[in-house]
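Read the structure below first, then the notes.
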Amino acid sequence: MSMLGSLGENLTNTMKKLAGMSVIDKKVVKEVVKDIQRALIQSDVNIQLVLKLSKTIEDRALNEEPPKGITPREHVITIIYEEMVNLLGSEAKELEIN
25 MSMLGSLGEN LTNTMKKLAG MSVIDKKVVK EVVKDIQRAL IQSDVNIQLV LKLSKTIEDR
85 ALNEEPPKGI TPREHVITII YEEMVNLLGS EAKELEIN
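For the sequence shown, my numbering assigns the number 25 to the initial residue and increments by one for each residue that follows.
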């Protein structure tokens, strides 16, 4: 399996685990963040970026109130998605090979 395929599979499994949780508390958030860290590090993402992303996800997940109509679980999933997009970028760019 490719590195990106493995990353995608690991992140999908983390989201499934999160979706199965009945309560979203500090312990759950920390566990999910550790799973994300492992997946990113296994995919050779820069450690400093992983730590920065982890801190941002954890801070937002523990301190932000979910918008009306959104469950805490959905809010944490949204935060993870938004921060991954911020890390990876939202624009498709052509790969330049020299």
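Just so you know, even glycine gets a beta-carbon here, dropped at the ideal spot from N, CA and C.
This one's a predicted model, so the numbers in the text were calculated from it and none came from an experiment.
In the same chain as R62, and ignoring 5 residues on each side of it, the C-beta atoms closer than 8 Å to its own belong to N34, in chain order. Non-local C-beta neighbours of K50 in its own chain, meaning closer than 8 Å and more than five positions away in sequence, comprise L86, ordered along the chain. In the same chain as E88, and ignoring 5 residues on each side of it, the C-beta atoms closer than 8 Å to its own belong to H99, I103, in chain order.
Separation of S78 and I60 (C-alpha to C-alpha, rounded to the nearest whole angstrom) is 8 Å. Within the same chain, Q61, L64, I65 come within 7 Å of V74 by CB-CB distance, once the 5 residues on both sides are set aside.
For K54, same chain residues with a beta-carbon under 6 Å away, outside a window of 5 residues either side, do not exist. With fewer than 16 other Cβ atoms from the protein chains shown falling within 10 Å of its own Cβ, T36 counts as exposed.
A straight-line Cα-Cα distance of about 21 Å links V57 and S114.
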